[in-house]
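One structure is given here, and the rest of the page talks about it.
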Amino acid sequence: MKFSILKEDVIEGLQKAMSITPAKTGAAYLRSLWIKTEADRIVVMSTDASTEFTGSYPAVVHEAGLIGLNAKKFCELVRKHKGGEILLHTEKDGETCIIEQGRKKYRLPTYDAGWFQNFHDFPEERTVLLEGNFLRTLIDRTAFCLLDDESDNEYNCLRLGKDENGWIDVCAMNGHQFALFRFQNQDLFNVLSEEGMLIPKKAMSEIRRWTTFDEVELSMTAKRVFLRSADGQEMLSFPLKLHTYPDYKSFLNRFEGQFTSRMEVNAADFFDSLDRLSVFNTENYSSILMSLSSKALVLTTQGQDVGDAREILEISYSGELDSIAFMNASLMEVITHFDSEALVLEFTGSRSPCRIRGIDTDENYTVISMPVEITTDTYYTEEAETREI
3 MKFSILKEDV
13 IEGLQKAMSI
23 TPAKTGAAYL
33 RSLWIKTEAD
43 RIVVMSTDAS
53 TEFTGSYPAV
63 VHEAGLIGLN
73 AKKFCELVRK
83 HKGGEILLHT
93 EKDGETCIIE
103 QGRKKYRLPT
113 YDAGWFQNFH
123 DFPEERTVLL
133 EGNFLRTLID
143 RTAFCLLDDE
153 SDNEYNCLRL
163 GKDENGWIDV
173 CAMNGHQFAL
183 FRFQNQDLFN
193 VLSEEGMLIP
203 KKAMSEIRRW
213 TTFDEVELSM
223 TAKRVFLRSA
233 DGQEMLSFPL
243 KLHTYPDYKS
253 FLNRFEGQFT
263 SRMEVNAADF
273 FDSLDRLSVF
283 NTENYSSILM
293 SLSSKALVLT
303 TQGQDVGDAR
313 EILEISYSGE
323 LDSIAFMNAS
333 LMEVITHFDS
343 EALVLEFTGS
353 RSPCRIRGID
363 TDENYTVISM
373 PVEITTDTYY
383 TEEAETREI
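The numbering used here puts the sequence shown at residues 3 to 391.
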């Protein structure tokens, strides 16, 4: 096997391929990067046994073949080279790959070609074209509500499902937060099954990192989702989760008529105040108390051995709820995902869900957040949030 490549043609793809492979753990073949030659290109492939990446890049092929290399070692070596042509070829026994650029020469051991397993092909039927920026926005607005624990099924996956009115619901939950983003795309609506699809959080992170294109093609089978750059050069695929997703619509309907207290606040001012109060948060005291009146919001917090803080914001408020507490970091995280200049926070009670929406934009985006409980024997406490969502 022998071919030459230009660093600037392949380095971005190599780094995407390397990001798929396990960093330290896992079998050696999962930490490998496979390179297969075609007529005037090379195909780079990597997997972690579930997510698969393939990328096709220009090359001058002298001898065809297939080799497997340590993904991290090879990608780092190419990254540290100057731009220009890099020559790769294997020795006669095929057990060593020689990498050359000018007077520089390196030798890397190859993996047994018997380890290589064929990757899934992109299903050409019923493809959907999506804007890359929209796909990233969809992920950013929902994936923050997912847990990292892969065994916690409903709290570790994003759901895309069809609404009876022709909308597509994208939702995520983690037990104390729920994010819902709705949009319309008739082509995607037509290819989604009635059950929708469940995408694990790990795959969402890879999609977010990979999606640097203006447009992306999406296709799917019953068990797998495929994303391909519009030029066909790169593809990412991953398995779907197959468990039953919780009935979030019943939860939303149950509380729909109970949001009887309503606060409007400037988003930037609200975030800045919370950010300043976070200076006084500690591991054991990480909440903020919100005291509500018709025209003012009083934010207070205290931290053991670090002092306390109090700020007042102008708001518009109606309702009977006079105080409520939230985890400060979680509330700040939610605010960052809205584009609106002003936010509406709607309350059902001091221990019940709070609905957060934008006023001037974000009309199809909602976040539900659970408060922490306030007690009377101490200033306020941060008891574990009950999984009610």
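Every residue, glycine too, gets a C-beta built ideally from N, C-alpha and C.
Using 10 angstroms around the beta-carbon of residue i, count the other beta-carbons present and answer buried if the total reaches 16, otherwise exposed.
i, result
"V308", "exposed"
"V281", "exposed"
"P24", "exposed"
"N120", "exposed"
"E322", "exposed"
"G168", "exposed"
"K106", "exposed"
"F5", "buried"
"R357", "buried"
"K84", "exposed"
"D364", "buried"
"S295", "exposed"
"W2", "Because the chain here runs from 3 to 391, residue 2 falls outside it and cannot be looked at."
"N283", "buried"
"G163", "buried"
"E348", "buried"
"R256", "exposed"
"P60", "exposed"
"R161", "buried"
"G259", "exposed"
Taking the alpha carbon of residue i as the point to measure from, which residue in the options has its own alpha carbon closest?
i, options, result
"E208", "K75, K297, M237 and T39", "M237"
"K297", "I88, Y319, L8 and I361", "Y319"
"V63", "T39, S263, K164 and F261", "T39"
"R81", "H339, T350, D11 and P125", "D11"
"F104", "A331, G86 and A115", "The displayed chain sequence assigns Gly, not Phe, to residue 104. Out of A331, G86 and A115, G86 has the C-alpha closest to the C-alpha of G104."
"H339", "T144, M175, P373 and N283", "T144"
"R210", "N192, G234, N135 and Q186", "N135"
"L131", "T56, A174 and F215", "F215"
"S195", "Q235, D362, D171 and A181", "D171"
"F185", "V193, L140 and M199", "L140"
"L279", "M265, A270, F257 and D310", "D310"
"L1", "D150, E133, K75 and S153", "In this structure the chain extends from 3 to 391, so residue 1 is not present and cannot be described."
"K203", "H178, L8, E156 and I44", "E156"
"G67", "A73, S263 and D114", "D114"
"N192", "E65, D154, R128 and Y247", "R128"
"R138", "V218, E166 and E197", "V218"
"R264", "Y287, L299, L244 and E285", "L299"
I'd like to confirm the pairing. Which residues does DSSP put opposite residue i in its beta bridges?
i, result
"A174", "A181"
"P241", "R226"
"Q103", "K106"
"K164", "I170"
"Y367", "F183"
"T214", "None, per the DSSP bridge assignment."
"R264", "S320 and E348"
"Y247", "Answer by DSSP bridge pairing: none, since Y247 is not bridged."
"M292", "L301 and I326"
"E236", "G57"
"I69", "I37"
Given residue i, which residues of its chain have a CB within under 6 Å of its CB, disregarding the five upstream and five downstream residues?
i, result
"T378", "Legend: pLDDT at T378 = 45, less than 50; position of this residue unreliable, no value from coordinates given."
"E313", "S275 and L301"
"E102", "L89"
"A224", "none"
"R359", "V346 and T368"
"S252", "none"
"M47", "W36, T56 and F121"
Can you tell me where the alpha helix (DSSP H) holding residue i begins and where it ends?
i, result
"F136", "G134 to T144"
"Q304", "No alpha helix (DSSP H) holds Q304; the beta strand (DSSP E) holding it covers A298 to G305."
"F273", "A269 to L279"
"V336", "N330 to T338"
"R81", "A73 to R81"
Once the 5 residues before and after residue i are set aside, which same chain residues still bring their CB inside 7 Å of it?
i, result
"A205", "T53 and F240"
"F124", "S221, F228, R230 and M237"
"G96", "T112"
"I22", "S48, T49, D50, T53, F55 and E208"
"Y382", "Summary for Y382: the model assigns pLDDT 47, below 50, so the residue's position carries little reliability, and this model does not support an answer."
In the DSSP assignment, find the beta strand (DSSP E) that holds residue i and state where it starts and stops.
i, result
"F5", "K4 to L8"
"E197", "First-last for E197: undefined, no H or E at that position."
"I88", "E87 to T92"
"G360", "C356 to G360"
"L35", "S34 to T39"
"E54", "E54 to P60"
"V308", "Element bounds for V308: n/a, residue is neither H nor E."
Whose C-beta lies closer than 8 Å to the C-beta of residue i among residues of the same chain, with five residues either side of it excluded?
i, result
"Q17", "C77 and R81"
"E126", "S221"
"M334", "F273, L276, D277 and S280"
"N187", "V130, L132 and I170"
"A344", "E266, V267, N268, A269, G360, I361 and D362"
"R226", "H122, S239, F240, P241 and L242"
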